[in-house]
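J.: Please read through the structure below; I'll follow up with questions.
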Amino acid sequence: MVMSKVSSEQLAKIRQQFEFQPYPQMPIDYSPKDNANALFIHNLVTPYYLRDRTVIDSSKAVILDAGCGSGSKCLALALANPGAKIVGIDLSTRSVEFARQRMEYHGIENTEFHAMAIEDLPQLGLKFDYINCDEVLYLFPDIADGLRAMKSVLKPQGMIRSNLHSELQRYLYFRAQKLFSRMGLMDGNPEDLEIELAIETLKALKPNVQLRQTLRQSVDGKDRNEWALMNLLFQEDKGYTIPDLFDGLRRAGLEFISMVNWQRWNLMSLFEKPDDLPSFLAMSLPGCSIEQQLHLYELFNAEHRLLDFWCGHPGQAKPKLSLDDWEIADWKATTVHLHPQLNTSEVRESLERSIKQQAPLLITRYLTSSVPEGVNFFVDSTIAATLLPLWDSSQPFTALVDRYLKLKPVDSMTLEPVSVSSAIEQLTLAMHDLESYLYLLLESSD
Ligand SMILES: C[S@@+](CC[C@H](N)C(=O)[O-])C[C@H]1O[C@@H](n2cnc3c(N)ncnc32)[C@H](O)[C@@H]1O
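Pasting the structure below:
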């Protein structure tokens, strides 16, 4: 058993809060099966490709949802990785029971649930390809303890997805929690009476008082209690910064892989003119580590509630060359895959429409979570027709070049035959962008 610094009193407080109200209160019949955006981050193909540029088959994976609550992420993990085994654990017996019922309701069979603490994971005797630990880690007195416990049951190539509340983004909620703690509302387990008192207090404030801003418009809606418990009165909730996160990873002996919404953590995207930065920044930014860049991002713009990240055992990432440095030979030795979450009948139908109407397709309408804000990327109808076979199976890059040449044998301006090199140039240009959003996955055959 991993020795834990968590006091039984702290665990009891957390357990009690979630026994009272398992999280989330999502109706049992809700399914994210048609929500490709929601499934994208839960599909193991996504982080494995980001780390290794390989496309894995997740159907045999063993996945842990650590602190699974009422099972909404267990369901998403199962739907995004059909066939994978899903193991859910949680401190709260009621939450685990809800999670089990949710999976049964949706006909998902390959599952196991246990009411137990993350600290006791080694007792399960299982090793995992992937651990999802969503909205839990910030409750630990020391995040390195939680990370170490998960690391101890992670396979060598495995990955952990976890997250911390941002101290900078959620500062008003942390102040509200301090206030309500002073008022004695968090001494025992906050329930209906404490929720009433907290909301009543905030509503009594003038609109321009800072803490009043924590009141959302839907404060009187049906998710009011859940919102109040998860924000104003959240037991053991804590805020962190990027340096805290990296310090925790170092102490746990884990390596950072990527932010989960990495496209929305791009420091350069914060500047009006990224190519014309003030000279101090222009000189210093290129030498900054990933950790420093992410920290600068949160200092400039603390827009993210969660510091949501993937990590794994050190030294597991496969070396890979930036696509900018690829030679023609690298492209020719590549197999092109469609991201499984883009392989939907809706996207395929739009693609076919674009081909029939010879109109460009705004592909960034789909899987918007993998695209930087404000980016609109169109695929022209010839490229759309070239890529169509990917909706049936992965294709060698060279087969797509042949197909492009059949579709466009003649240059529309010069009426000269299109050369192989020009076809390759057109395809690599489009694929470069599509790969950066992970719509297309490029796997080297050697
Ligand atoms: C905010 S909920 C998140 C539930 C779920 N992961 C989700 O995102 O929908 C936090 C859950 O973590 C569980 N939890 C907190 N600390 C834990 C620990 N040390 N071991 C196991 N479960 C824990 C709680 O009981 C609760 O169900």
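With the working numbering, you'll find the sequence shown wraps up at 453, consecutive numbering, no jumps.
Note that the Cβ used here is the ideal one computed from N, Cα and C, for glycine as well.
At the level of alpha carbons, what is the spacing between T371 and S388?
T.: Working through the sequence shown from its first residue, we reach residue 371 at position 364. Working through the sequence shown from its first residue, we reach residue 388 at position 381. T371 and S388: Cα-Cα distance of roughly 15 Å.
J.: So within the segment 230 to 285, which uninterrupted beta strand (DSSP E) runs reach at least 3 residues, ignoring any that extend past its ends?
T.: You should have 262 to 266.
J.: Answer with buried or exposed for V216, where buried requires no fewer than 16 other C-beta atoms within 10 angstroms of its C-beta.
T.: If you number the sequence shown from 1, residue 216 lands on position 209. Its Cβ having fewer than 16 others within 10 Å, V216 is exposed.
J.: Is K80 near ligand 1, with its Cβ less than 7 Å from a heavy atom?
T.: Mapped onto the sequence shown, residue 80 falls at position 73. Because some heavy atom of ligand 1 lies under 7 Å away, the Cβ of K80 counts as near it: yes.
J.: Please report the residue range of the beta strand (DSSP E) in which W456 lies.
T.: This structure gives no information on residue 456, because the portion of the chain shown stretches from 8 to 453.
J.: Beta-carbon separation of N170 and D194 under 8 Å?
T.: Against the sequence shown, residue 170 aligns to sequence position 163. Against the sequence shown, residue 194 aligns to sequence position 187. Against a cut-off of 8 Å, the Cβ pair of D194 and N170 comes out as no contact.
J.: Suppose you measure from the CA of L330 to the CA of Q365; what does that come to, to the nearest Å?
T.: Counting from one through the sequence shown, the residue named residue 330 turns up at place 323. Counting from one through the sequence shown, the residue named residue 365 turns up at place 358. Rounded to whole angstroms, L330 to Q365 spans 29 Å at the Cα level.
J.: Under 7 Å from any heavy atom of ligand 1, does the C-beta of L436 make it?
T.: In the sequence shown, counting from the first residue as 1, residue 436 sits at position 429. Checking every heavy atom of ligand 1 against the Cβ of L436, none is found closer than 7 Å.
J.: Just the C-alpha distance for R355 and S66, rounded to the nearest angstrom, thanks.
T.: Position 348 of the sequence shown holds residue 355. Position 59 of the sequence shown holds residue 66. Spanning the two alpha carbons is a distance of roughly 23 Å.
J.: In chain order, what residues of the same chain have a beta carbon less than 6 Å from the beta carbon of L131, not counting five sequence neighbours either side?
T.: For the purposes of this step, residue 131 is taken as the residue at position 124 of the sequence shown. Hits under 6 Å: none found.
J.: State yes or no: is the C-beta of L349 within less than 8 Å of the C-beta of L369?
T.: Walking along the sequence shown from the start, residue 349 turns up at place 342. Walking along the sequence shown from the start, residue 369 turns up at place 362. Their beta carbons are not under 8 Å apart, which means L349 does not touch L369 by this criterion.
J.: Which word fits D152, buried or exposed, when buried means at least 16 other C-beta atoms lie within 10 angstroms of its C-beta?
T.: Counting from one through the sequence shown, the residue named residue 152 turns up at place 145. Looking at its Cβ environment, which holds 16 or more other Cβ atoms inside 10 Å, D152 is buried.
J.: Within the present structure, is the beta-carbon of P214 separated from the nearest heavy atom of ligand 1 by less than 7 Å?
T.: Reading the sequence shown from its first residue, position 207 is the one you call residue 214. No; taking the cut-off as 7 Å, the Cβ of P214 has no heavy atom of ligand 1 nearer than that.
J.: With DSSP as the reference, please indicate the residues paired to S451 in a beta bridge.
T.: Reading the sequence shown from its first residue, position 444 is the one you call residue 451. Partner(s): T341.
J.: Go to S77, then tell me how far its beta strand (DSSP E) extends in each direction, as first and last residue.
T.: Here residue 77 is taken as the residue at index 70 of the sequence shown, counted from 1. Neither: S77 is in no beta strand (DSSP E) and is coded neither H nor E.
J.: Given 8 Å as the limit, is there contact between the segment 243 to 252 and the segment 201 to 214, that is, 3 or more CB pairs closer than that?
T.: They do not touch, by the three-pair rule.
J.: Which value, in whole angstroms, describes the spacing of the CA atoms of L303 and L274?
T.: Within the sequence shown, numbered from 1, the residue matching residue 303 stands at position 296. Within the sequence shown, numbered from 1, the residue matching residue 274 stands at position 267. L303 and L274: Cα-Cα distance of roughly 7 Å.
J.: My assumption, with CB atoms under 8 Å, is that Q242 sits in contact with Q28. Please give the rounded CB distance.
T.: Translated into the one-based positions of the sequence shown, residue 242 becomes position 235. Translated into the one-based positions of the sequence shown, residue 28 becomes position 21. The pair is not a contact, with the Cβ atoms about 12 Å apart (cut-off 8 Å).
J.: Under 8 Å: do the segment 99 to 112 and the segment 54 to 63 share three or more Cβ pairs, one atom per stretch?
T.: Flag = no, the segment 99 to 112 and the segment 54 to 63 do not touch.
J.: Would you say the beta carbon of Y30 comes nearer than 7 Å to a heavy atom of ligand 1?
T.: Along the sequence shown, one-based indexing puts residue 30 at 23. Checking the Cβ of Y30 against ligand 1 gives yes.
J.: May I ask you to verify whether the segment 227 to 243 touches the segment 174 to 185, counting CB pairs closer than 8 Å and requiring at least 3?
T.: The segment 227 to 243 is in contact with the segment 174 to 185.
J.: S452: buried (16+ other C-beta within 10 angstroms of its C-beta) or exposed?
T.: On the sequence shown, position 445 is the one that residue 452 refers to. Looking at its Cβ environment, which holds fewer than 16 other Cβ atoms inside 10 Å, S452 is exposed.
J.: Taking the alpha carbon of A91 as the point to measure from, which residue in L82, L18, I150, A68 has its own alpha carbon closest?
T.: Here residue 91 refers to the residue found at position 84 of the sequence shown. For A91, the nearest C-alpha among the options comes from A68.
J.: Quick one, are the C-beta atoms of R219 and L98 less than 8 Å apart?
T.: Here residue 219 is taken as the residue at index 212 of the sequence shown, counted from 1. Here residue 98 is taken as the residue at index 91 of the sequence shown, counted from 1. For R219 and L98, no; Cβs fall outside 8 Å.
J.: What is the DSSP secondary structure of K92, reduced to helix, strand or coil?
T.: Numbered from 1 along the sequence shown, position 85 holds the residue referred to as residue 92. If DSSP states are grouped into helix, strand and coil, K92 belongs with the strands.
J.: Would you mind stating whether M166 and I125 have Cβ atoms separated by less than 8 Å?
T.: Numbered from its first residue, the sequence shown carries residue 166 at position 159. Numbered from its first residue, the sequence shown carries residue 125 at position 118. No, they are not a contact pair.
J.: Which one of L301, D244, P367 has the shortest CA to CA distance from A437?
T.: Position 430 of the sequence shown, counting from 1, holds the residue named residue 437. Comparing Cα-Cα distances from A437 to each of L301, D244, P367, the minimum goes to P367.
J.: Mind checking who R168 pairs with in its DSSP beta bridge?
T.: For the purposes of this step, residue 168 is identified with residue 161 of the sequence shown, where counting begins at 1. In the DSSP output, where bridge partners are listed per residue, R168 has N139, W317.
J.: Which residue comes first and which comes last in the beta strand (DSSP E) that contains L71?
T.: As a position in the sequence shown, residue 71 is number 64, starting the count at 1. Segment 69 to 73, the beta strand (DSSP E) holding L71.
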